[in-house]
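I have placed the structure first, in the form of structure tokens, so that the comments after it can refer back to it.
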Amino acid sequence: MRTTHIAAPVERVFAFFAQPQNLALLTPPRLRFRVVQGPDRPLREGDRIVYAMRMHGIPVRWSSRIVSWRENESFADLQERGPFQRWLHTHRFASTPEGTEMRDEVEYELPLGIAGRIAAGWFVRRELESVFDYRGQSLAQRLVELPGARH
Numbered sequence: 000m001r002t003t004h005i006a007a008p009v010e011r012v013f014a015f016f017a018q019p020q021n022l023a024l025l026t027p028p029r030l031r032f033r034v035v036q037g038p039d040r041p042l043r044e045g046d047r048i049v050y051a052m053r054m055h056g057i058p059v060r061w062s063s064r065i066v067s068w069r070e071n072e073s074f075a076d077l078q079e080r081g082p083f084q085r086w087l088h089t090h091r092f093a094s095t096p097e098g099t100e101m102r103d104e105v106e107y108e109l110p111l112g113i114a115g116r117i118a119a120g121w122f123v124r125r126e127l128e129s130v131f132d133y134r135g136q137s138l139a140q141r142l143v144e145l146p147g148a149r150h
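Using numbering that gives the first Met the number 0, the first residue of the sequence shown is number 0, and each one after it goes up by one.
The following block contains the structure:
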């Protein structure tokens, strides 16, 4: 789990996440992440999004579906196709006096069961930490600069 504090109102932070193309703004450039298919409107439950990226030079397609949606509170995306055996990412948002507390909860399983965990578990954990570090910094910078953000 990762908790990020953002000096912007919860409605603004949630609205930022509701736009599928914004995920590319929060992903490290080294991954060359892009949205291939998704709605041209804010997300809602049931939406599917297809991403393309490169993980250590290897092209990866990732398809996910929004399986829950509670406006300004939470949403969850479930991998339908991608690099993990299982991936469920729940985003939770709470208003605080300083702005917004955002919690990311990721449940995942690597392919190949125990062999996959032994061979790549530490590496995947480190990569995910790096992506969430970048995302937290980028998100805080982008949303603090928006009109109406609390400083």
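Beta carbons: idealized from backbone N, C-alpha and C, even for Gly.
Own chain partners of W68 with C-beta closer than 6 Å, once the 5 adjacent residues on each side are dropped = Position 69 of the sequence shown, counted from the start, is the residue given in the question as residue 68. Hits under 6 Å: R43, E44 and F74.
Excluding the 5 residues preceding and the 5 following D76 in the sequence, name in chain order all residues of the same chain whose CB lies nearer than 6 Å to its CB.
-> Walking along the sequence shown from the start, residue 76 turns up at place 77. Excluding positions up to five away in sequence, the list reads S63, I65 and H88.
Distance, D39 Cα to L142 Cα | Taking the sequence shown and counting its residues from 1, the one referred to as residue 142 is at position 143. Taking the sequence shown and counting its residues from 1, the one referred to as residue 39 is at position 40. Cα-Cα distance, rounded: 21 Å.
Report the rounded CA-to-CA distance for G115 versus A51, giving the unit in angstroms.
-> One-based indexing of the sequence shown puts residue 115 at position 116. One-based indexing of the sequence shown puts residue 51 at position 52. Because the pLDDT of G115 is 49, which lies under 50, any placement of that residue in the model is unreliable, and the question is left without a value.
L127 versus A7, V35 and P27, residue with shortest Cα-Cα distance | Position 128 of the sequence shown, counted from the first residue, corresponds to residue 127. If we check each option's Cα against that of L127, P27 comes out closest.
Identify every residue that forms a DSSP beta bridge with H88.
-> Reading the sequence shown from its first residue, position 89 is the one you call residue 88. Answer by DSSP bridge pairing, in chain order: D76 and V105.
Do you know how far the Cα of R124 is from the Cα of P19?
-> Stepping through the sequence shown from its first residue, residue 19 is reached at position 20. Stepping through the sequence shown from its first residue, residue 124 is reached at position 125. Cα-Cα distance, rounded: 24 Å.
Under 7 Å Cβ to Cβ from R31, same chain only, skipping five residues before and after it: list those, please.
-> For the purposes of this step, residue 31 is taken as the residue at position 32 of the sequence shown. Cβ neighbours of R31 beyond the five flanking positions: M52 and R53.
Taking only runs of the alpha helix (DSSP H) that begin and end inside the stretch 14 to 58, which ones reach a length of at least 4 residues, in chain order?
-> 21 to 24
Given a cut-off of 7 Å, decide if F13 and F92 are closer than it, judged by their beta-carbon atoms.
-> The sequence position of residue 92 within the sequence shown is 93, counting from 1. The sequence position of residue 13 within the sequence shown is 14, counting from 1. For the 7 Å CB-CB criterion, F92 and F13 form a contact.
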